[in-house]
Structure formats: structure tokens, C-alpha cells
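In our numbering, the protein residues as written are 1465 to 1701. Ideal Cβ positions, reconstructed from N, Cα and C, are used throughout, including at glycine. In this text, all values refer to a predicted model and were calculated from it rather than measured experimentally. Here the structure comes first, spelled out in C-alpha cells, and everything after it is commentary.
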């Protein structure tokens, strides 16, 4: 794991086991005031933490089929995917339904159908609305609860969503920009990773290490081993 005050952080950047990496990064999920979101891991963070990306993809597909976790396409404007353990997702769904008043008679059947049937049977990121018993009113209830979001390209396709994730997506976008801007202002566009980890961001409430894992895994930043430790450097095209 990336550790804030450790001299041997480079020894803890990578894992050989996908599930161990997921479980450990789950415990590092940032806790934000007034933001009630169960822990999730960005797929890019997993790529930065497990050496074999092909194995990661195979493991994720297996875990998804076994209903151990769910993968979400995030509405971030980029190709971002989040991974949430199924138990955490079900807690998030229950909390969202409670907050939306979904236990009232009007929406209870819709939410029960979504919770008991859709979540357990539809394992991919997207859901196709084919009409039938699913009405616009049903979809609206689920969207208002934050459980679905409409795909912009095809209005008949909906993404499964993580309710109440908006502030985190904003912090993710702003934090990425701030870290990359910081490195770009350096003469050689690089900093010691240990120093960068300790940087207090002005524009994002997210933990710097959370963002660094993402930027390394997505290829925006690369790490270079030096005699004095790991160096974080902007990846040149």
C-alpha cells in the first residue's frame, strides 16, 4: 500500500493477489465528511497495485460471476470503472432506498424488484430497458434514488450507479488535475513519491495516495526507482 510516512513505500506498491489488493485498498478508502458512500476501488488503482493486468481482468470477471463484487462505469467523462464489494453495494442500495422514501407504497414494489431481481441477475455495468413491465415511472424512481443513470449515447441503456457518488467524482476530477499540474510545474516534471504523497491538496478532499494510485494505474504518472526511493514522473506521450 502507499503509506504516508514510510521510507519503504516502494516495497508496498504492488501485490501478486487481486483479492488481497482489493481488500487492502478497501480499508484505505477516503472518509469524507457528510458523504455517505461505501468503499470502492477504481480499476485503475487495481492496475497500479497488481503486476499482472491480464490476471486482474480474469480475476475481476470471475469475482463478478460469483457475485462477490460489482463493477460500475462512472459518469466522469473518462473511461473510469469502480469496483465495489457486493455486500457494500447492497448496503448502499438499502441506504439509498431508505433516503428516497422507497419504502412507501408507491415505490416499494419497484425497489424490491430492483433489489431482489435486477441486482442479482444483471452482472454487467449496463442495463437495457426493453419496455414490458418496466415503465418510465419505474426508471425515474430508480434514477432519482441514484441507482441508475442514463447513457448519453443511447437513451434506452442505463448504467448501474453508485448512489451519492457525486462529491467523490468531483474530488477525483479536481484532484487529478491538481496533482498533474503540480508535477507539470516542476522543471523535470517529477517529484519523489514520498514527498508527493504528503502533499495537501487544495481543490480535492480526497487522499493524495488514493489519487496517485489512480494516476499511476491509468498511465498518467509512472514511477521510476532511484537510489533514494521511488520517483513519480509525468508520462510523456
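Cβ neighbour criterion (16 or more within 10 Å) applied to residue i
i	result
residue 1666	exposed
residue 1688	exposed
residue 1618	exposed
residue 1581	exposed
residue 1509	buried
residue 1692	exposed
residue 1640	buried
residue 1500	exposed
residue 1702	It is not possible to answer for residue 1702, since the shown part of the chain is limited to 1465 through 1701.
residue 1487	exposed
Residue range of the unbroken beta strand (DSSP E) whose run includes residue i
i	result
residue 1696	1693-1698
residue 1655	1654-1656
residue 1614	1612-1614
residue 1687	1685-1690
residue 1603	Looking at the DSSP string, residue 1603 is not in any beta strand (DSSP E); the run it does join, the alpha helix (DSSP H), is 1600-1608.
residue 1622	1621-1624
Distance, residue j Cα to residue i Cα
i	j	result
residue 1494	residue 1516	26 Å
residue 1542	residue 1611	20 Å
residue 1627	residue 1603	15 Å
residue 1552	residue 1651	43 Å
residue 1642	residue 1519	32 Å
residue 1616	residue 1690	45 Å
residue 1505	residue 1490	6 Å
residue 1559	residue 1513	30 Å
residue 1724	residue 1680	With the chain covering only 1465 through 1701, there is no way to say anything about residue 1724.
residue 1659	residue 1574	50 Å
residue 1585	residue 1648	46 Å
residue 1590	residue 1607	13 Å
residue 1678	residue 1563	31 Å
residue 1554	residue 1653	42 Å
residue 1561	residue 1531	21 Å
residue 1671	residue 1535	22 Å
residue 1545	residue 1625	11 Å
Residue i: first and last residue of the uninterrupted alpha helix (DSSP H) it sits in
i	result
residue 1632	1630-1648
residue 1680	1672-1681
Close beta carbons around residue i, own chain, < 8 Å, minus the five adjacent residues each side
i	result
residue 1633	1538, 1539, 1540
residue 1529	1587
Own chain residues within Cβ distance below 6 Å of residue i, not counting five before or after
i	result
residue 1686	1697, 1699
residue 1533	1527, 1547, 1549, 1550
residue 1614	1622
residue 1523	1482
Residue-level contact to chain D via CB, residue i, 7 Å cutoff
i	result
residue 1541	No chain D is part of this structure, which consists of one protein chain only.
Cβ shell of residue i (< 7 Å), same chain only, five flanking positions each side left out
i	result
residue 1722	With the chain running from 1465 to 1701 in the structure shown, residue 1722 is simply not present.
residue 1503	1490, 1493, 1552
residue 1657	1473, 1687, 1693, 1694, 1695, 1696
residue 1485	1479, 1510, 1513, 1514
residue 1637	1540
residue 1684	1644, 1699
residue 1682	1508
residue 1629	1501
residue 1579	1557
Checklist entry - At which residue ranges does the stretch 1467-1554 contain complete alpha helix (DSSP H) runs of 4 or more residues, listed in the order of the chain? => result Taking only runs of at least 4 residues, the alpha helix (DSSP H) segments lying wholly in the stretch 1467-1554 are 1482-1491, 1507-1513, 1517-1529.
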